[in-house]
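Report on the following structure.
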Amino acid sequence: MEHKLPDLSQMSSTTLELESILVNGQKLLFDKKVKLMPVEIEKKSNEDEGYRR
Amino acid sequence: MALAFLQFRGQNNGYYLFQADVGTAKYFKYILGENKHKLRVGKHEFVKVLSGRKKASKLLQVNEIMQKLKMGRFPLKIPEGELNDKTHYIQLYSYNTKSSTAPTISNIVQLYPVVGRGKKIGGLQLSLSQTNYNKNVATMQDTRVKNKAFKYREPQLSKVMFWNAIVNALPTIIKHAAPVIGGLLKGAGNASNLESNVDSSANNQSAKVINKVVEVLQAISNNDSNSITHQTDEQATTTPSTDVTNNETATSDSSEAPAQSSESQSFNYISSAYSLEPDTLIGLKPILEKILSPEAIIAIGDNPQKLFLAIKDAVQKTEHTSNINSDIVEKKTSEDAITDVKYSEAKIAPALLAALPALMPVIEKALDPKIIEAIGNQPVKLFKAIGDTVLKMDEMELKHLEAINPGVDSADDISKLLQGMSISSAYKDDTIKFKMIKNLNLNFINTKTVQFKNKKRVLYQKNQQIIIPFKVVSDSGNTLEKTLKRSIIQICIKDGVSMETVFRKNINLIDVNLNQVINEAFLMPDEIAQIPCNTEIKIELSYIWKSNKNENIGVFKSHYVYFIETYIFDRIGERIGQPIPFNNINVHRPYWHKIWEGGFSRSNRWHIEFDLKYFYLLNPKETGISKLETRKIITEDNVESGGEHPNRRRIKAKLKSGLEFGLQTLNNILSLSNKELLDEEILKIIQKGSIDKEFHQVARQRLEMKGREGDTTTLWSYPEISLHKLYLSKIGTIDDYGQVVTIESIEKLIPKPDLIHFIGTKSER
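Protein sequence lines, in the order shown, are assigned to chains A and B.
Under the numbering used here, the first residue of the first sequence carries the number 184, and numbering increases by one thereafter.
Under the numbering used here, the first residue of the second sequence carries the number 2, and numbering increases by one thereafter.
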C-alpha cells in the first residue's frame, strides 16, 4: 500500500475527480499548495476573538 | 552484494523504527553506542564506528523470503527500553555467515534524546507534565500529539503593516501634520524654556499627545492613495490660491498641462495637496536641518517631491544631524554653533509627534543613536521610546499640546496600538524627579557594538560586573568646566519590549568634575542576575544634581542592550535544499491535521466556501505536536434559523486553525532527515529566546467544498518542511567594562514549514 500522497497541486479538481484517488477512504477533491508567510501572533487569554466552534 | 544501510523512520508504540538494508547479507546485528569515532583501517582510510558505552544486539538472521522480495530491505524495530540517555547513536553490522565473517558496517544514525513522561532532555526539564498529558493526548509515531484550544490572536495592526503604512503615506502625513505644526509655531513664541518638568500631569498630557497622533493618523487612514484625484480636485475648487503652494496648484491644473510626465503629475499632486502657511514652511526648516545635511537641503531645493523622498530616506536610515543649541550651564564655547537658526525643541517636538517619521532627530536628544539604530523599523518600540521621552518634556511643550483640538478616536487600530504603549514611567514613582537640561547631552563613552541580529548592537556578558562610562557635554559637544559637589546616577533598566522596569538603582557621587568621564555607573553580577538575558533591554541612565535654585536638574539618555549568556539565538536564516513534503501518511501522520469534516443533509446539494487561515507555530514550552482546534464562524448562509432548507444550500465561513511544534519536534524532524540534532544547550536557548517569533507562519486560502445530501467532506493539511540555517552567537572577547567586543557565529540547522497542502476529500457514493 502506498503511504505517500504525491504532490497533486498542479492537477485541477476536475482531473482529480476523474483520477479517483483515495485518502483515508475518501475521494480526493483537491490538493492546494500554499506558500506560508511570516506572521505576528500572540497568545491570548480567554477572551473570544470572534471565531467559534 | 552485502551492504548495510540504516535510516530512521520514527517511533511507534514503544519502538524506534528504522529502514535497514543489508543487500544479500544473511545476518545482521545493531550496536547502540554513546559516542562515535574514526577508526583507521588503512594508511589513509577510516571508518566511523561507535565507541564509549556500547550495547550490541544478538546476531539476527535475515528472513530469506522477504530478502528476495524486498532486495535486502526490511523494517527494523528496536524497543525503546533498549535505549537510555547515554544512547546517542546506532549502527548496523551485516554478515554473510553466522560466524560473523565479512562484516559490513552502516552509516551511524544519531538518535534523538528519549523524552518520556516527566523525563528530561539531558537536564532540561520541559514543561510537558503528567497533568497535561491527559485524555487529549494521543501518541503517534511517539511524537507526542495533543489537541489544544486555539488561544492565539493576531495583533490589531501588525508592526510591519504599520510601518509600511506610515512610510507609504509620508506625503499625506506631512499634509495633515502641517496645520498642526503651524498651530504650534504660532504659539511657540514663549517656548524658550529649556528645562523639562516631570510632574504629575505628564500622564494626562502625554495622553493628549497620543490623541493628536491618532488624529493625524486617522486623517491619513481616511485619505488613501485612491483619493489622489479627488483630493486634487477638491484642493483646486475649495482652496484659495493665496500662498506659494496653492499658486502651484493653480498652475499645475491638469487641463492646462495635459502632456506632463508621470513624475511631474506626482509633483503637482504633492504640491497641490499642501496647505502650508509660510511660517509652517519655515518651521519645517529646522526639522529638516536636524535630519539632513546642509548639502542635502541645498540639493533638494524647493522640490517637495524630493523633500518627501529625503525625509523617507532619512527616517529609514535614521541619519543623524548636526547639533544646534546653546550651552546653558557653562560658557558658550562652541565655534561651530549655528546661531542664525536657533529654535527650541518646544517648537518642534510636538510637531514631530504629529509628523511621525520626522520625529527621529528630536528623540536623538533623549535616545542614544544606537537605540535609534536598534529600533530600526519597529515602530511600536519607537513609540514606546518616544512615550517615555514625552514624560520628560517641559511644561511649555505640553501646553502647546493642550492647545491642540482633541482628536476623534475612531481609528481604533491605531488608537489601541498607541494606548497600549507604556507611556507611564517608573520615573513617576519612587525615582528622583528632575528637570532635564535640554542643551546638555549625556554621551555614553567607549560604547562598542558588535554585529548581532542584523544590526550593530551593544552586548554585555551576563555574569560579570559592568560599567557604563558616560560624559556630560554641551549640545555642541564641548566639555563642561564645572565640578558638582553632590550628584546622583540613576539607573533604570526596563524590558525592551514591554517597557516594564526590571531593575533600578541610584548611585550617589561627590565632587564630580564634568570635564572627566564618569565611570561610576555600574551593575554588579547579583544585580545583573535580576535582569532577563538574551532579550533586548533598555537602560535609562539619568545623571542628576541640584541647581542654584535647589531644584533637581540633570541629563538623561537611553541605551538598548542585550545581556547574554554563552550562547544566544541570532536568527533563522536561509533555506537549505528543497522543502521535504511530509506526505507519508504513516511516517508523517502527526503532521497531518484534519481541519474540518462535515456535510449537510437537508438540501439536495450544498456548497461551502471557506476563508481559511492556518498557522504553523513554535511553542518552545511544549515537547511534541499540538493540533489546535478549528474555529469557525459562518459569515453567510442561505438558510435562516428555523427556516426552510432550499434545494441548494450555500454557506460561507471563516476557519482558523493551526499546529504547534514543540521543542522535541524539531529534533524529530532533523532525525528524520538524518541531520545533526540540536543539543540541550541550544534547545535551552531556543526555549528562552525569541525564536518562536521568527518561526510562526500562516497560510490563507479560499477553498470550496461541495456535495450532495448525505455526503461528508474532509479538509486535511500537511506541511512541506525545509531545513533552514539557525544562526547562533557565542561570546568571544569582553572588555574591561563587561561589553562584548567580539562574538563568534555558530550555524546549525532547524526545520521550519515552508509550504502547506490543503487536501479536500469527499466520501464516495
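Positions of the beta carbon are idealized from the N, C-alpha and C atoms, including for glycine.
Bear in mind that the values here come from a model prediction, so they are computed numbers and not experimental data.
The alpha-carbon of V742 of chain B is positioned some 41 angstroms away from that of R54 of chain B. At least 8 angstroms separates the CB of G599 of chain B from every CB of chain A. Interface residue (Cβ-Cβ distance to chain B less than 8 angstroms): S195 of chain A is not classified as such. Scanning B:P752, B:H594, B:L664 for the CA closest to the CA of L671 of chain B turns up B:P752. T666 of chain B counts as buried, since no fewer than 16 other beta carbons sit within 10 angstroms of its beta carbon. When B:F611, B:I687, B:K59 are compared, the shortest CA-CA separation from A654 of chain B is found for B:F611. DSSP places M67 of chain B within a helical segment (H, G or I) once states are collapsed to three. Across the region 196-228 of chain A, CB contacts with chain B closer than 7 angstroms involve V206, N207, Q209, K210, L211, L212, F213, D214, K215, K216, V217, K218, L219, M220, P221, V222, E223, I224, E225, K226, K227, in sequence order along the chain. A direct Cα-to-Cα measurement between I735 of chain B and E566 of chain B gives close to 12 angstroms. Comparing C-alpha distances from T713 of chain B to each of B:T631, B:I732, B:H608, B:G478 shows the shortest one belongs to B:H608.
Looking at the DSSP output, W607 of chain B bridges to B:R650, B:G708. Taking the Cβ atoms as the reference, I573 of chain B lies roughly 29 angstroms from S559 of chain B, outside the contact range of under 8 angstroms. F611 of chain B has a beta carbon lying at 8 angstroms or more from every beta carbon in chain A. If the five residues before and after Y90 of chain B are omitted, its C-beta is found closer than 8 angstroms to the C-beta atoms of L33, G34, E35, N36, K37, L51, I109, V110, Q111, L112, all from its own chain and listed in chain order. Non-local beta-carbon contacts of I626 of chain B in its own chain, meaning distances under 8 angstroms to residues more than five positions away in sequence, involve T144, R145, V146, K147, P591, Y592, L660, E661, F662, G663, T666 in chain order. Beta-bridge partners of G761 of chain B (DSSP): A:F213, B:L716. Under the Cβ criterion of 8 angstroms, A700 of chain B is counted among the residues facing chain A. With contacts defined as CB atoms closer than 8 angstroms, E765 of chain B and K210 of chain A qualify as a contacting pair. Distance from the Cα of Y563 of chain B is smallest, within the candidate group B:R74, B:K69, B:G739, for B:G739. The criterion of a C-beta distance shorter than 8 angstroms is satisfied by L443 of chain B and Y544 of chain B.
Selection B:G599, B:P582, B:K69 evaluated against M706 of chain B yields B:G599 as nearest (Cα-Cα). F445 of chain B has its alpha-carbon roughly 14 angstroms from the corresponding atom of S475 of chain B. Close CB contacts of N509 of chain B within its chain, under the 6 angstroms cut and outside five residues either way in sequence, are with I489 (chain order).
According to the DSSP assignment, F557 of chain B belongs to the beta strand (DSSP E) that extends over 553-565.
Just so you know, the alpha carbons of Y31 of chain B and N605 of chain B end up roughly 60 angstroms apart. When the Cα atoms are used, N585 of chain B and I529 of chain B turn out to be separated by approximately 49 angstroms. Between I596 of chain B and S658 of chain B, the gap from beta carbon to beta carbon is short of 8 angstroms. Within the same chain, and ignoring the five residues on either side of V48 of chain B in sequence, the residues whose Cβ sits closer than 7 angstroms to its Cβ are L40, V42, I106.
Sorting B:L729, B:F696, B:F29, B:K689 by C-alpha distance to the C-alpha of K454 of chain B places B:L729 at the top.
The three-state reading of DSSP puts T102 of chain B in coil, since its state is none of H, G, I, E or B. Chain-order list of chain A residues neighbouring L704 of chain B: F213, K215, by C-beta distance under 8 angstroms. With fewer than 16 other Cβ atoms inside 10 Å of its own Cβ, D737 of chain B counts as exposed.
Neighbours of H697 of chain B across chain A, judged by C-beta separation under 9 angstroms: P221, V222, E223, I224. In this structure, R650 of chain B lies near V640 of chain B, with their beta-carbon atoms less than 8 angstroms apart.
For T762 of chain B, the chain A residues whose C-beta falls within less than 7 angstroms of its own C-beta are V206, N207, Q209, K210, L211, L212, listed in chain order. Pairing Y16 of chain B with K87 of chain B, the inter-Cα distance amounts to about 17 angstroms.
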